[in-house]
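Chains B and V are the protein sequences, given in the same order.
Our numbering applies: residue 1246 is where the first sequence begins, and numbers increase by one.
Our numbering applies: residue 1221 is where the second sequence begins, and numbers increase by one.
The C-beta atom is built at its ideal place from N, Cα and C for all residues, glycine as well.
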Amino acid sequence: MSVTTSSTLDAKGSPMWSSGHGHDVISTKTLGFWLYMLSDAMMFTALFAAYAVLGHAFNAAGGPWVRAVAHAGVAFQETYWLFGSVLAYGLAMMALKKGNRGGVLLGIAAALVIALGFLAVDGREVLDLFRMGALPERSGFLSAFFTLVFYHGLHVVVGIAWMAVMLVQVASVGLTEKVVYRLLNLRLFWHFQAVMWVFMFTFLYLRGAIV
Amino acid sequence: MTHTTDNAWEHPEVQLAGGGYIVAFVVGLALMGLSLWMVRGHVFAPTGLAVAISALAAVAAFVQCVLLLHMTVSRTQVWQTVALVLFIPLFVITIGLTSWMFHGLYRRTMMMPATHVARPATPTRPRGA
């Protein structure tokens, strides 16, 4: 046993060396980007904690509270827009698996358009709330509520801009190593928004119908 | 087993993509729809509802982490999964401890928020004093 152990400890015999290049660029960059996404998730954590604290009735300061501003029905519309966009991006990744450039372009374009649909529903909802006097500066509760809504909305805007950039790169450069790792990073970014939305929908919007 | 750099899409990270995305979409939407239906229909008391929709959110997030983000223990993904598993306690402790701490504080310091706001600030004084 000890003899085989010493032979397997040979670093040059490991798959990383034998594969021809010392480090795997796509895997390394993807892991790095995933660690960044988790630090971004810590930002969401802090904002959810702030919302849990400021969500109490007297932080509404006599202004509109959660029942008046968190509309579960509208949030469910946003859910299927966002999940639909995530699915479209997933289909683009399934096309990438076969090296199908046209399929990648089509999938990302669909994901982009559906994400714009999410943004339209989200934006109209926020404007409606503003019109009825529910402004972020009205109370501590509304500040925490809108900070979460805007922070999530900002991620969707960044995702849309990134998809537009990737459409241009896939069309002009093709599926090179650099383009592929960027597509993978965008997949992590975009699919992670679906996971965060589960928490947004449950703890921000459905909560309004319970209390 | 050669690892070509000519076709970057043949990388194992790309080859993870699959029909799980469609399952994740259907399951995610169904679970969120179920939460919405439970809340709309008031099928439980408020505390029970809060527990039920939290549990459904946890299931949905788990399904998405496995099917969308590919958090598995396979050789290509294990370090990403480890990072996520180490992140989860931070997520739960930060939100849980903060809200537990402040709700305890609220209970001890602001007993009747509604009356504080609603009652006029005039002191009640006995007549003729």
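* To do: Classify D1367/B as buried or exposed, calling it buried when 16 or more other Cβ atoms lie within 10 Å of its own Cβ.
  => As a position in the first sequence, residue 1367/B is number 122, starting the count at 1. The residue in question, D1367/B, is buried, as its Cβ has 16 or more Cβ neighbours within 10 Å.
* So, is H1231/V buried or exposed, given that buried needs 16 or more other C-beta atoms within 10 angstroms? -> Sequence index remark: in the second sequence, residue 1231/V carries index 11 (1-based). So H1231/V ends up on the buried side.
* List the whole-angstrom C-beta distance separating G1344/B from W1229/V, where the pair is believed to meet the contact cut-off of C-beta under 8 Å. => Within the first sequence, residue 1344/B is the residue found at index 99, counting from 1. Within the second sequence, residue 1229/V is the residue found at index 9, counting from 1. The Cβ separation is near 5 Å, so the contact holds.
* Flag S1272/B as yes if its beta-carbon sits less than 8 Å from any beta-carbon of chain V, otherwise no. => What you label residue 1272/B is simply residue 27 of the first sequence in a count that begins at 1. Output row for S1272/B: interface = yes.
* Under a Cβ-count criterion, where at least 16 other Cβ atoms within 10 Å of its own Cβ denotes burial, should A1365/B be classed as buried or exposed? -> The sequence position of residue 1365/B within the first sequence is 120, counting from 1. A1365/B comes out exposed.
* Assign T1447/B to one of two classes, buried (16 or more other C-beta atoms within 10 Å of its C-beta) or exposed (fewer than that). => For this step, residue 1447/B is matched to residue 202 along the first sequence. Answer is buried; the Cβ neighbour count reaches 16.
* Asked: Looking at chain B, which residues of the segment 1252–1281 of chain V have a Cβ within less than 8 Å of any of its Cβ atoms?
  -> M1252, G1253, S1255, L1256, V1259, R1260, P1266, L1269, A1270, I1273, S1274, L1276, A1277, A1280 and A1281
* Asked: W1326/B to H1400/B, Cα distance in whole Å?
  -> Along the first sequence, one-based indexing puts residue 1326/B at 81. Along the first sequence, one-based indexing puts residue 1400/B at 155. For W1326/B and H1400/B, the distance between alpha carbons rounds to 15 Å.
* With 8 Å as the threshold, decide whether the Cβ of E1233/V is near any Cβ in chain B. => In the second sequence, the residue the question calls residue 1233/V occupies position 13. So yes, E1233/V belongs to the interface.
* Asked: Which residues, in chain order, does the segment 1405–1417 of chain B contribute to contact with chain V at a C-beta distance below 7 Å?
  -> none
* To do: With a threshold of 16 other CB atoms inside 10 Å of the CB of A1291/B, please say whether the residue is buried or exposed.
  => Looking up residue 1291/B in the first sequence gives position 46. Classification for A1291/B: exposed.
* How would you list, in chain order, the residues of chain B whose beta-carbon sits under 7 Å from the beta-carbon of T1318/V? -> For this step, residue 1318/V is matched to residue 98 along the second sequence. Those are A1294, A1297 and V1298, listed as they occur along chain B.
* In terms of alpha-carbon separation, which member of L1449/B, E1422/B and R1452/B lies closest to E1233/V? -> Position 13 of the second sequence, counting from 1, holds the residue named residue 1233/V. Nearest option by C-alpha distance: E1422/B.
* Q1438/B: which of T1273/B, E1382/B, L1393/B and A1295/B sits nearest, CA to CA? -> One-based indexing of the first sequence puts residue 1438/B at position 193. Nearest option by C-alpha distance: L1393/B.
* To do: Select from the segment 1331–1353 of chain B all residues with a C-beta closer than 8 Å to any C-beta belonging to chain V, and list them in chain order.
  => V1331, L1332, G1335, L1336, M1338, M1339, L1341, K1342, K1343 and G1344
* Short check: CB of V1311/B to CB of G1300/B, under 8 Å? -> Here residue 1311/B refers to the residue found at position 66 of the first sequence. Here residue 1300/B refers to the residue found at position 55 of the first sequence. For V1311/B and G1300/B, yes; Cβs fall inside 8 Å.
* Asked: What's the gap between the Cα of M1321/V and the Cα of I1353/B?
  -> Position 101 of the second sequence, counted from the first residue, corresponds to residue 1321/V. Position 108 of the first sequence, counted from the first residue, corresponds to residue 1353/B. Roughly 44 Å between the two C-alpha positions.
* Asked: Is G1253/V near L1287/V, with beta carbons less than 8 Å apart?
  -> Residue mapping note: residue 1253/V aligns to position 33 of the second sequence, counting from 1. Residue mapping note: residue 1287/V aligns to position 67 of the second sequence, counting from 1. No, the pair does not count as a contact, with Cβ atoms beyond the cut-off.
* **Coarse secondary structure for W1262/B, derived from DSSP in three states** => As a position in the first sequence, residue 1262/B is number 17, starting the count at 1. Unreliable positioning characterises W1262/B in this predicted model, as indicated by a pLDDT of 49, which lies under 50. The coordinate reading is nonetheless provided below. Three-state DSSP puts W1262/B in a helix.
* To do: Could you say which of M1377/B, A1454/B, G1385/B and L1433/B lies nearest to A1237/V if we only look at CA atoms?
  => The sequence position of residue 1237/V within the second sequence is 17, counting from 1. The residue with the shortest Cα to Cα distance from A1237/V is L1433/B.
* To do: Using a Cβ-Cβ cut-off of 8 Å, state whether V1224/B counts as contacting chain V.
  => The displayed coordinates of chain B run from 1246 to 1456. Any statement about residue 1224/B would go beyond what the structure contains.
* Contact with chain V by I1359/B, beta-carbon distance below 8 Å -> Within the first sequence, numbered from 1, the residue matching residue 1359/B stands at position 114. So no, I1359/B is outside the interface.
* Can you give me the start and stop residues for the alpha helix (DSSP H) that G1308/B sits inside? => On the first sequence, position 63 is the one that residue 1308/B refers to. Counting along the chain, G1308/B falls outside any alpha helix (DSSP H), and DSSP gives it neither H nor E.
* Among I1315/V, G1316/V and H1290/V, the one whose alpha carbon lies nearest that of W1279/B -> For the purposes of this step, residue 1279/B is taken as residue 34 along the first sequence, with counting starting at 1. Comparing Cα positions, the closest option is H1290/V.
* Asked: If you measure from the beta carbon of A1356/B to each beta carbon in chain V, is any gap under 8 Å?
  -> Position 111 of the first sequence holds residue 1356/B. No, A1356/B does not count as interfacial toward chain V.
* Where Q1235/V sits in the DSSP three-state scheme -> Here residue 1235/V refers to the residue found at position 15 when the second sequence is read from its first residue. In this structure, Q1235/V counts as helix in the three-state DSSP scheme.
* For T1423/V and chain B, any beta-carbon pair shorter than 8 Å? -> The structure shown does not extend to residue 1423/V, since chain V is modelled only from 1221 through 1349, so no value can be given for it.
* Find out if the Cβ-Cβ distance for the pair G1453/B, A1297/B is shorter than 8 Å. => Sequence index remark: in the first sequence, residue 1453/B carries index 208 (1-based). Sequence index remark: in the first sequence, residue 1297/B carries index 52 (1-based). Result no, Cβ atoms of G1453/B and A1297/B do not sit closer than 8 Å.
* Asked: Leaving out the 5 sequence neighbours to the left and right, which residues in its chain are closer than 6 Å to L1310/V when beta-carbon positions are compared?
  -> As a working note, residue 1310/V is residue 90 in the second sequence. Cβ neighbours of L1310/V beyond the five flanking positions: none.
* To do: Helix, strand or coil for V1263/V, going by three-state DSSP, please let me know.
  => Taking the first residue of the second sequence as position 1, residue 1263/V is located at position 43. Here V1263/V sits in coil by DSSP.
* Leaving out the 5 sequence neighbours to the left and right, which residues in its chain are closer than 6 Å to P1309/B when beta-carbon positions are compared? -> Here residue 1309/B refers to the residue found at position 64 when the first sequence is read from its first residue. Cβ within range, chain order: A1379.
* Leaving aside the five residues before and after L1251/V along the sequence, list all residues of the same chain whose C-beta is less than 7 Å from its C-beta, in chain order. => As a working mapping, residue 1251/V is identified with position 31 in the second sequence. Same-chain partners within the cutoff: L1276, V1279 and A1280.
* Asked: Does T1292/V have its Cβ less than 8 Å from a Cβ in chain B?
  -> Here residue 1292/V is taken as the residue at index 72 of the second sequence, counted from 1. Answer no: the Cβ-Cβ gap between T1292/V and chain B never drops below 8 Å.
* Asked: Taking Cβ positions only, does G1248/V come closer than 8 Å to chain B?
  -> Here the question's residue 1248/V lines up with position 28 in the second sequence. Yes, its Cβ sits closer than 8 Å to a Cβ of chain B.
* Of all the CB atoms in chain B, is at least one closer than 8 Å to the CB of T1329/V? -> As a working mapping, residue 1329/V is identified with position 109 in the second sequence. Not one chain B Cβ lies under 8 Å of T1329/V.
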